[in-house]
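Here the sequence shown stands for residues 1 to 322, where the numbers follow our numbering.
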Amino acid sequence: MKTEYLGLQLSSPVIVSSSPYTSNLAHIESCVRAGAGAVVLKSIFEEQIYRQAASLDKMEGYGDAGEYLERYLGDAYKAELLQLVKDAAKTGVPVIGSINCVGSGDAWIDYAMSMQAAGAAALELNIFLLPTDRHASAAEIEQHYADIVRKVCAAVAIPVSVKLPMRLTNVLATCDTLLARGAKGVVLFNRFFEPDIDIEKMAFQPADPFSEPSELRNVLRSTALCSHALPQLDVAVSTGVHDGASAVKALLCGASAVQVCTAIHKHGYEVIGQIGSFIDEWAARHGFETLESFRGRMDYGSSEGEFYQRVQYMKYFPHDAE
Numbered sequence: 001m002k003t004e005y006l007g008l009q010l011s012s013p014v015i016v017s018s019s020p021y022t023s024n025l026a027h028i029e030s031c032v033r034a035g036a037g038a039v040v041l042k043s044i045f046e047e048q049i050y051r052q053a054a055s056l057d058k059m060e061g062y063g064d065a066g067e068y069l070e071r072y073l074g075d076a077y078k079a080e081l082l083q084l085v086k087d088a089a090k091t092g093v094p095v096i097g098s099i100n101c102v103g104s105g106d107a108w109i110d111y112a113m114s115m116q117a118a119g120a121a122a123l124e125l126n127i128f129l130l131p132t133d134r135h136a137s138a139a140e141i142e143q144h145y146a147d148i149v150r151k152v153c154a155a156v157a158i159p160v161s162v163k164l165p166m167r168l169t170n171v172l173a174t175c176d177t178l179l180a181r182g183a184k185g186v187v188l189f190n191r192f193f194e195p196d197i198d199i200e201k202m203a204f205q206p207a208d209p210f211s212e213p214s215e216l217r218n219v220l221r222s223t224a225l226c227s228h229a230l231p232q233l234d235v236a237v238s239t240g241v242h243d244g245a246s247a248v249k250a251l252l253c254g255a256s257a258v259q260v261c262t263a264i265h266k267h268g269y270e271v272i273g274q275i276g277s278f279i280d281e282w283a284a285r286h287g288f289e290t291l292e293s294f295r296g297r298m299d300y301g302s303s304e305g306e307f308y309q310r311v312q313y314m315k316y317f318p319h320d321a322e
C-alpha cells in the first residue's frame with residue numbers, strides 16, 4: 001500500500017531504519033527485494049573520528065598526528081559513505097541519509113550538502129545532547145536541536161526529518177519549533193545506547209540494544225497527539241514496530257510510515273514484506289482502498305481522542321489487589 005512521507009512517494013509505508021541492515025549495498029538490496037518502501041542509511045558518527053584523533057594526540061611522539069588523522073579519516077569515511085548513497089540511489093527506492101548530530105556546530109552542514117549532491121532523497125537528523133550540566137535548562141537544550149535543524153534545512157533543498165529522543169519536556173512544542181525551522185517530519189523515537197552493569201565484575205556493559213513490542217504504546221500516544229496538532233509534519237514511528245498489527249496501530253494514530261530494525265534482526269528481511277502484506281490485507285478486510293483513507297482515524301482528534309490524556313490507571317487492577 002502506497003504512502004507519502006516527506007513528500008516522497010513510497011511503494012510501502014515500511015522503511016528500514018538506520019542500522020547495520022542499511023550499512024552496505026548488499027544489505028540495502030536485500031531490504032529492497034523484501035519490499036521496503038525506503039531505507040535510512042546507517043548514521044554518520046563523526047564523534048568516532050574525533051575520539052580516534054584525540055586518543056592519538058595523547059600518545060607521546062605523535063605530535064599533531066591527531067589533527068591529520070581527523071582530517072584523513074574524515075575524508076575517507078565521507079567518501080565511502082557518499083559512494084554508498086550513490087549506489088543505494090540506484091536500487092529503486094528513496095534513500096534517506098542519516099547524520100548523528102552530537103553538537104550544534106556547523107560540521108553537519110557539509111555532510112548534509114554532500115549527501116544531497118550524492119543522490120539522497122531526504123535527510124534524517126539523529127540528534128541527542130545528553131543533559132549532564134545541572135545548570136542547563138530544558139529550553140537551552142532544545143534550542144540546540146532547533147539550531148541544528150535550522151542550519152541544515154537552510155543548506156539543502158531536500159526534505160529533512162528529525163529523529164527525536166523519548167525524554168523531552170514537551171514533544172509537541174519541540175516538534176512545532178522544528179517545523180518552524182524547516183523540518184518536514186519527525187521520527188518517534190530514537191532508542192539510544194543504554195549502559196548496564198555487571199555486578200560480579202563491577203564493570204560496565206551495554207544493555208540489550210533491541211526494542212520490545214511493549215515500547216510501542218508510549219509512541220502511539222505521542223504520534224496521535226503530534227499528527228493531530230501538526231498535520232503538516234510527517235511522523236514515522238520507529239520504536240516497537242515488530243509486526244503488521246503494530247504497524248497498523250501506528251498508521252491509525254496518524255503516522256505516515258513505520259521504521260523497522262529489531263523485527264529484521266529477529267525474523268530476517270522477509271518480515272518487511274510480511275508487515276506490508278498485513279497492512280494491505282487488514283485494509284481490504286475493513287474496506288479501505290488507500291492508506292490515507294484510514295491514516296489518523298484514531299489520532300487525538302478522533303471521537304475517543306481524550307483517551308490519550310489519561311496518564312493514571314483508574315479501574316484496571318482487580319478489587320482484591322487494592
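We treat Cβ as the ideally placed atom computed from N, Cα and C, and that holds for glycine.
None of the values given here were measured: they were computed from a predicted structure.
**OP:** Could you say which of I15, D147, P206 lies nearest to L178 if we only look at CA atoms?
**Re:** In the sequence shown, residue 178 corresponds to position 178, counting from 1. Checking every option, the nearest Cα to that of L178 belongs to D147.
Original post:
Does the beta-carbon distance from V93 to V260 come in below 8 Å?
Top reply: Numbered from its first residue, the sequence shown carries residue 93 at position 93. Numbered from its first residue, the sequence shown carries residue 260 at position 260. Against a cut-off of 8 Å, the Cβ pair of V260 and V93 comes out as no contact.
**OP:** Specify the secondary structure class of F294 as computed by DSSP and reduced to three states.
**Re:** The count along the sequence shown starts at 1 and reaches residue 294 at position 294. DSSP places F294 in coil when its eight states are reduced to three.
**OP:** Could you say if the stretch 222-237 and the stretch 200-208 meet the contact criterion of at least three C-beta pairs nearer than 8 Å?
**Re:** no
**OP:** Report the rounded CA-to-CA distance for D64 versus M115, giving the unit in angstroms.
**Re:** Position 64 of the sequence shown, counting from 1, holds the residue named residue 64. Position 115 of the sequence shown, counting from 1, holds the residue named residue 115. Because the pLDDT of D64 is 45, which lies under 50, any placement of that residue in the model is unreliable, and the number read from its coordinates should be weighed accordingly. The alpha-carbon atoms of D64 and M115 are separated by roughly 30 Å.
Original post:
In the DSSP assignment, what are the bridge partners of A122?
Top reply: Taking the first residue of the sequence shown as 1, we reach residue 122 at position 122. The partner list for A122 (beta bridge, DSSP) reads I96.
Subject >> Distance between T223 and C253 (C-alpha atoms, nearest Å) >> reply: As a working note, residue 253 is residue 253 in the sequence shown. As a working note, residue 223 is residue 223 in the sequence shown. When rounded, the distance between both Cα atoms is 6 Å.
**OP:** Provide the residue(s) that pair with F204 in DSSP beta bridges, ordered along the chain.
**Re:** In the sequence shown, residue 204 corresponds to position 204, counting from 1. I197.
Subject >> Close beta carbons around E215, own chain, < 6 Å, minus the five adjacent residues each side >> reply: Your numbering for residue 215 matches position 215 in the sequence shown. Excluding residues within five positions, the ones whose Cβ falls inside 6 Å are T239, G240.
Subject >> Coarse secondary structure for E60, derived from DSSP in three states >> reply: The residue labelled residue 60 in the question sits at position 60 within the sequence shown. With a pLDDT of only 44 at E60, under the threshold of 50, the placement of this residue in the model should not be trusted; the figure read from the coordinates follows. Three-state DSSP puts E60 in coil, outside helix and strand.
Original post:
Can you name the start and end residues of the beta strand (DSSP E) that T262 belongs to?
Top reply: Translated into the one-based positions of the sequence shown, residue 262 becomes position 262. That residue, T262, is in no beta strand (DSSP E); its alpha helix (DSSP H) goes 262-267.
Original post:
Can you tell me whether DSSP reads D280 as helix, strand or coil?
Top reply: For this step, residue 280 is matched to residue 280 along the sequence shown. Note: D280 maps to helix in three-state DSSP.
**OP:** In angstroms with no decimal places, state the Cα-to-Cα distance between M113 and E142.
**Re:** Within the sequence shown, the letter at position 113 stands for residue 113. Within the sequence shown, the letter at position 142 stands for residue 142. One C-alpha to the other measures close to 24 Å.
Subject >> Start-end ranges of the alpha helix (DSSP H) lying completely within the stretch 117-172, minimum 4 residues >> reply: 138-155
**OP:** Report yes if the CB atom of N126 is closer than 8 Å to the CB atom of I109, and no otherwise.
**Re:** Walking along the sequence shown from the start, residue 126 turns up at place 126. Walking along the sequence shown from the start, residue 109 turns up at place 109. Cβ atoms of N126 and I109: not closer than 8 Å.
Subject >> Per DSSP, the bridge partner or partners of V258 >> reply: Taking the first residue of the sequence shown as position 1, residue 258 is located at position 258. Partner(s): V14, V237.
**OP:** Indicate whether A183 and V149 have their beta-carbon atoms separated by less than 8 Å.
**Re:** Along the sequence shown, read from residue 1 onward, the residue named residue 183 stands at position 183. Along the sequence shown, read from residue 1 onward, the residue named residue 149 stands at position 149. Cβ distance < 8 Å, so A183 and V149 count as in contact.
**OP:** Look up G273 in the DSSP assignment and say whether it is helix, strand or coil.
**Re:** Within the sequence shown, the letter at position 273 stands for residue 273. Looking at G273 - three-state DSSP - the assignment turns out to be helix.
**OP:** Have a look at V160, R33, S17 and flag the residue whose alpha-carbon is nearest the alpha-carbon of G7.
**Re:** Stepping through the sequence shown from its first residue, residue 7 is reached at position 7. Nearest option by C-alpha distance: V160.
Original post:
If we call anything under 8 Å between Cβ atoms a contact, is S256 one with P213?
Top reply: In the sequence shown, the residue the question calls residue 256 occupies position 256. In the sequence shown, the residue the question calls residue 213 occupies position 213. Against a cut-off of 8 Å, the Cβ pair of P213 and S256 comes out as no contact.
Original post:
Where Q9 and I199 are concerned, what is the direct C-alpha to C-alpha distance, given to the nearest angstrom?
Top reply: As a working mapping, residue 9 is identified with position 9 in the sequence shown. As a working mapping, residue 199 is identified with position 199 in the sequence shown. Approximately 50 Å, taken between the alpha carbons.
**OP:** Look up E4 in the DSSP assignment and say whether it is helix, strand or coil.
**Re:** For the purposes of this step, residue 4 is identified with residue 4 of the sequence shown, where counting begins at 1. Here E4 sits in strand by DSSP.
Original post:
What three-state label does DSSP hand L25 in the structure shown?
Top reply: Counting from one through the sequence shown, the residue named residue 25 turns up at place 25. DSSP places L25 in helix when its eight states are reduced to three.
Original post:
For the candidate residues L41, G273, F288, whose alpha-carbon lies nearest to that of D243?
Top reply: Within the sequence shown, the letter at position 243 stands for residue 243. The residue with the shortest Cα to Cα distance from D243 is G273.
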